[in-house]
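Going left to right, the sequence shown walks through residues 1 to 81 as UniProt numbering numbers them.
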Amino acid sequence: MDRVNQRENHLLGENIKRLRLEHNLRNCDVLAQLQLRGVDIARSTYSKIEIGLNNPTVDLLIALADFYQVSFDEFFKKLED
């Protein structure tokens, strides 16, 4: 994996985690909502996405955007230091 992809994965993961924490949710809460939206994902896989080790699928991003009621842009925002 090249550095650009690693940075993008890390940014995506940080934003996915930020949204979860802003809504005061646990991973299992989000996973339950994803299942209701037809996305079955293991807790370990989801955790790896949040820390930038795995790529989220388009289906996952669509389901998360629907759940959090945000646009795709929200996943690609640069985080403030």
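Glycine is no exception: its CB is placed at the ideal position from the N, C-alpha and C atoms.
The beta carbon of residue 72 sits closer than 8 angstroms to those of 61 and 65, all from its chain and outside the five residues before and after it, given in chain order. The alpha carbon of residue 69 has as its nearest neighbour, out of 45, 50, 19 and 25, the alpha carbon of 19.
In the displayed model, residue 32 falls within a helix according to three-state DSSP. Cα atoms of residue 28 and residue 5: separation of roughly 27 angstroms, rounded to the nearest angstrom. In the structure shown, the three-state DSSP call for residue 41 is coil.
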